[in-house]
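Protein chains in written order, with my numbering: chain A, 1 to 208; chain B, 209 to 416. Note that CB positions come from ideal geometry on N, CA and C, so glycine has one too. Since the model is a prediction, treat every value here as computed from it, not as a measurement. What follows is a short report on a single structure.
2 protein chains.
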Amino acid sequence: MEKQKISTAVINRLPAYLRLFSELEEKGVAHVSSNEISEMMGTTASQVRQDFSNFGGFGRQGYGYDVKYLCEQMQSILGLDKTYNLVIVGGGKIGQALANYGGYDKLGFYIKAVFDKEVWHVRVPSHIDVFDTEKLADYTAKNKIDIAIICTPKEVALETAKKIKDCGIKAIWNFASQEIKLDGVHVENVHLNESLFLLTYKINSEQN
Amino acid sequence: MEKQKISTAVINRLPAYLRLFSELEEKGVAHVSSNEISEMMGTTASQVRQDFSNFGGFGRQGYGYDVKYLCEQMQSILGLDKTYNLVIVGGGKIGQALANYGGYDKLGFYIKAVFDKEVWHVRVPSHIDVFDTEKLADYTAKNKIDIAIICTPKEVALETAKKIKDCGIKAIWNFASQEIKLDGVHVENVHLNESLFLLTYKINSEQN
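Below is the structure:
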């Protein structure tokens with residue numbers, strides 16, 4: 001596939017495409033048209049075709065796209081045909097919840113260790129190691145870690161991100177309620193409450 | 209404020225505006241221009257002014273907008289000047305994590321009870337009640353509940369949503385990995401993994 005600059009708007013839509021294709025595949029749908037995709041995505045057919053053209057077009061035939069092929073391609077584009085090693089920095093409630101959740105393994109995301117300043121407070125499954133935060137650089141020097149999850153208090157989130165970057169980790173999934181932007185490392189900030197606030201907006205407005 | 213039809217795109221940006229205004233207020237910034245807001249939001253100044261015009265414009269002066277006033281107004285628009293009673297349906301790992309997190313009280317979101325088919329598995333703080341899912345209708349008839357959080361397995365998410373709607377609850381925050389759309393009830397579907405998949409996309413692409 002030819003490398004080209006793909007717009008952020010297109011990239012941000014990729015996970016939603018994957019979700020849709022996976023749902024269709026689960027339902028046993030074999031083919032889908034750009035019209036049908038656009039209706040389910042709340043966009044236009046030409047937008048869908050334009051998005052797809054960034055990735056070679058996904059081989060549309062007369063009867064539409066092959067759903068299984070769309071799934072495989074989108075998985076591959078998103079890097080979900082590989083596995084990743086993760087660490088959690090910050091073993092408070094959110095960090096422990098993620099470590100205890102256990103649903104990521106089957107997606108190929110392996111949480112290897114939790115780092116916290118007070119290791120004795122951290123309760124996680126026994127296959128996940130718990131270390132003092134000071135051991136992070138040591139640990140990542142000896143273990144290949146692809147993604148760090150920040151679950152610290154907001155006050156130390158940015159300095160934590162800088163330490164993670166210094167350890168050579170290339171990606172941060174940030175759950176701290178402090179937006180992080182840092183050159184040289186990919187950061188995704190999780191804003192869980194935003195969807196909750198959209199609910200309260202809707203409860204209070206007359207709109208549906 | 210005059211009621212008017214506000215576009216979904218504008219509504220979806222409101223929580224991000226609130227986050228920005230809150231950050232500015234915390235930093236002690238008193239005034240901000242639409243230019244500055246647009247830069248921080250990654251949009252244009254005319255877009256910002258157009259968004260704000262849906263809500264009366266927020267009284268821009270020569271020196272820009274008053275940050276404290278913006279915060280108060282956005283809180284009020286999003287309904288965050290009120291409190292809400294919540295129940296969690298599904299007391300598995302995600303449901304327990306949300307109940308144990310404890311950070312919602314200070315935002316005015318009170319988790320009152322968790323419903324599960326196997327109540328003996330559910331470990332939550334003692335001020336949160338745990339009931340069999342069959343008691344949901346009874347409970348909501350006696351207690352005013354504003355929002356239900358669905359944390360069930362995906363297979364039963366939609367039927368759970370229908371039960372919640374039948375109980376007269378007007379809003380659903382859905383953590384099940386099954387998209388829910390249901391007429392007559394506001395639903396926000398949480399897609400936590402989508403931001404993780406954007407990270408793996410970025411790790412695997414050459415883009416920053």
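Strand pairing of residue i, partner residues [DSSP]
i: N193 (chain B); result: With chain B covering only 209 through 416, there is no way to say anything about residue 193 (chain B).
i: F197 (chain A); result: Note: F197 (chain A) sits in no beta bridge, so no partner.
i: F339 (chain B); result: B:F323
i: V187 (chain A); result: A:I172
i: G250 (chain B); result: Answer is none; G250 (chain B) lacks a bridge partner.
i: V124 (chain A); result: Answer is none; V124 (chain A) lacks a bridge partner.
i: I164 (chain A); result: None; I164 (chain A) has no bridge partner.
i: F317 (chain B); result: B:Y292
Within-8 angstroms CB hit, residue i to chain A
i: K410 (chain B); result: yes
i: P223 (chain B); result: yes
i: V398 (chain B); result: yes
i: S403 (chain B); result: yes
i: I219 (chain B); result: yes
i: N308 (chain B); result: yes
i: H394 (chain B); result: yes
i: Y292 (chain B); result: yes
i: K389 (chain B); result: no
i: M209 (chain B); result: Residue placement at M209 (chain B) is poorly supported in this model, since its pLDDT is 47, which falls under 50; the coordinates are not used for a value here.
i: L407 (chain B); result: yes
i: K320 (chain B); result: no
i: K301 (chain B); result: yes
i: E326 (chain B); result: no
i: E231 (chain B); result: yes
Residue i versus the options, residue with shortest Cα-Cα distance
i: H121 (chain A); options: A:Q75, A:I203, A:T140 and A:G95; result: A:G95
i: I296 (chain B); options: B:A305, B:A238 and B:I357; result: B:I357
i: D340 (chain B); options: B:N351, B:K352 and B:V327; result: B:V327
i: I460 (chain B); options: B:F260, B:D274 and B:R268; result: Beyond the ends of chain B as shown, which are 209 and 416, falls residue 460 (chain B); an answer cannot be given.
i: L344 (chain B); options: B:A384, B:K362, B:K370 and B:P361; result: B:K370
i: V256 (chain B); options: B:L228, B:E234 and B:A238; result: B:L228
i: L107 (chain A); options: A:A113, A:A99 and A:K82; result: A:K82
i: D166 (chain A); options: A:A141, A:V190 and A:Q178; result: A:A141
i: C359 (chain B); options: B:G265, B:A305 and B:T251; result: B:A305
Residue burial classification, residue i (beta-carbon count within 10 angstroms, cutoff 16)
i: P333 (chain B); result: exposed
i: N209 (chain A); result: Limits of chain A in this structure are 1 at one end and 208 at the other, which puts residue 209 (chain A) out of reach.
i: E39 (chain A); result: exposed
i: Y63 (chain A); result: exposed
i: Y409 (chain B); result: buried
i: G376 (chain B); result: exposed
i: Q73 (chain A); result: buried
i: S215 (chain B); result: exposed
i: Q269 (chain B); result: exposed
i: N208 (chain A); result: Confidence at N208 (chain A) is low in this model, with a pLDDT of 42, below 50, so its placement is unreliable and the value that follows should be read with caution. Under this definition N208 (chain A) is an exposed residue.
Any C-beta of chain B under 8 angstroms from that of residue i
i: K106 (chain A); result: no
i: A97 (chain A); result: yes
i: I88 (chain A); result: no
i: L18 (chain A); result: yes
i: S7 (chain A); result: no
Between the segment 331-360 of chain B and chain A, which residues of the former have CB atoms less than 7 angstroms from a CB of the latter, in chain order? D354 and I355
Near-chain A residues of the segment 243-258 of chain B - C-beta to any C-beta below 7 angstroms: none
Give, in chain order, every residue of the segment 263-291 of chain B whose Cβ lies closer than 8 angstroms to some Cβ of chain A. I285, L286, G287, L288 and K290
Quick one, which residues of the segment 369-386 of chain B are near chain A if we go by CB-CB under 7 angstroms, in chain order? K378, A379 and W381
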